[in-house]
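**Q** Residue numbers (my numbering): 118 to 393. Virtual Cβ for every residue (Gly too), placed ideally from N, Cα, C. This structure is in structure tokens; I'll ask about it shortly.
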């Protein structure tokens, strides 16, 4: 298929590589002058600044993927809402079959350890979640299919937040906090899997969760990481109160997608082996 991808950061690069490996015709629009993966065409534009966006009109993509993240000097409103609005106003809709928007499970405001799934209402509790939901709502105006991909905590070899947290005892959790994650390679593979669903004529929902579906308490993850590295581990905090949310990923699994890393232990074992 002809794919137009907006954004090519760490996650965007992995998604692009997955798409190219399946033979898609890929054009990538990015803000910086950094190269794009070999095999893709590049356009260097800033969608937030509306820089030369009429150039998008001639591309005639069948799939549009919007996967920008804020950079220095741009906020959520500009990056997610205004940037997406500018793209949708300039891209040709004639051949467009589906639009994917990389969103976040931050649109779910649950923060007491409750369960969330694809059918849960999006009730953001902070400004970032509200901006993402506002951007998602722009998709409802499209005459083609569209899906907001609500991704939980992305981790990978270059996303080592928890490993750094383990080394800072002043920041160890003092209460039970539920966490959810998905390895960045599985996120990219899931996006390519959904591209294939479009090729196969499968109707996709307006939103779906991308997560490994195995929530874990933050202190347990840190304790496991400490054991793997023979480092001091945080103590187990009192069971109550609890914060965070526990996320199920029913729709993604029902499509037949199988992640490479089934849970945090599989994912972090791979990361730790690469750090040796």
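Taking all protein chains shown into account, do 16 or more other C-beta atoms lie within 10 angstroms of the C-beta of residue 168, making it buried, or fewer, making it exposed?
**A** Along the chain shown, read from residue 1 onward, the residue named residue 168 stands at position 51. The residue is exposed, with fewer than 16 neighbouring Cβ atoms inside 10 Å.
**Q** Could you work out which residue in 201, 235, 309 is closest to residue 164 when comparing CA atoms only?
**A** Numbered from its first residue, the chain shown carries residue 164 at position 47. Among 201, 235, 309, the Cα nearest to that of residue 164 is on 201.
**Q** For the beta strand (DSSP E) holding residue 220, just list the boundary residues, first then last.
**A** Stepping through the chain shown from its first residue, residue 220 is reached at position 103. Start and end: 215–221.
**Q** Just reading off the beta strand (DSSP E) that residue 122 is part of, what are its end residues?
**A** In the chain shown, residue 122 corresponds to position 5, counting from 1. Element bounds for residue 122: 119–123.
**Q** What does the alpha-carbon distance come out to for the pair residue 137 and residue 180?
**A** Indexing the chain shown from 1 puts residue 137 at position 20. Indexing the chain shown from 1 puts residue 180 at position 63. So the alpha carbons of these two residues sit roughly 14 Å apart.
**Q** Compare the C-alpha of residue 233 against each of 379, 376, 361 and name the closest.
**A** As a first step, residue 233 must be located in the chain shown, where it is residue number 116. Of the listed residues, the one whose Cα sits closest to residue 233 is 361.
**Q** Using 10 angstroms around the beta-carbon of residue 243, count the other beta-carbons present and answer buried if the total reaches 16, otherwise exposed.
**A** Counting from 1 along the chain shown, the entry for residue 243 is found at position 126. Answer is exposed; the Cβ neighbour count stays below 16.
**Q** Residues in its own chain within less than 7 Å of residue 316 by CB, not counting five upstream and five downstream?
**A** Counting from one through the chain shown, the residue named residue 316 turns up at place 199. Cβ neighbours of residue 316 beyond the five flanking positions: 118.
**Q** Just to confirm my understanding: we take residue 142, look at its own chain, exclude 5 residues before and 5 after, and list those with CB closer than 6 Å. What are they?
**A** Residue numbering aside, residue 142 sits at position 25 when the chain shown is read from its first letter. Within the same chain, 119 come within 6 Å of residue 142 by CB-CB distance, once the 5 residues on both sides are set aside.
**Q** Along the chain, where does the alpha helix (DSSP H) containing residue 196 start, and where does it finish?
**A** Working through the chain shown from its first residue, we reach residue 196 at position 79. Element bounds for residue 196: n/a, residue is neither H nor E.
**Q** Roughly how many angstroms lie between the CA atoms of residue 281 and residue 208, to the nearest whole one?
**A** Here the question's residue 281 lines up with position 164 in the chain shown. Here the question's residue 208 lines up with position 91 in the chain shown. Distance between the alpha carbons of residue 281 and residue 208 is about 41 Å.
**Q** Between the C-alpha atoms of residue 323 and residue 387, what's the straight-line distance to the nearest angstrom?
**A** Locating residue 323 in the chain shown gives position 206, counting from the first residue. Locating residue 387 in the chain shown gives position 270, counting from the first residue. The alpha-carbon atoms of residue 323 and residue 387 are separated by roughly 33 Å.
**Q** Within 8 Å, do at least three Cβ pairs link the region 344–358 to the region 302–315?
**A** no
**Q** With DSSP collapsed to three states, give me the class of residue 210.
**A** By 1-based counting over the chain shown, the position of residue 210 is 93. Reduced to three states, the DSSP call for residue 210 is coil.
**Q** Taking the CB atoms as reference points, tell me whether residue 146 and residue 218 lie closer together than 8 Å.
**A** If you number the chain shown from 1, residue 146 lands on position 29. If you number the chain shown from 1, residue 218 lands on position 101. Not a contact, by the Cβ cut-off of 8 Å.
**Q** So the alpha helix (DSSP H) residue 308 belongs to, where does it begin and stop?
**A** Along the chain shown, read from residue 1 onward, the residue named residue 308 stands at position 191. Segment 301–316, the alpha helix (DSSP H) holding residue 308.
**Q** For the alpha helix (DSSP H) containing residue 159, name the first residue and the last one.
**A** Walking along the chain shown from the start, residue 159 turns up at place 42. From DSSP, residue 159 is part of no alpha helix (DSSP H) but of the beta strand (DSSP E) over 158–161.
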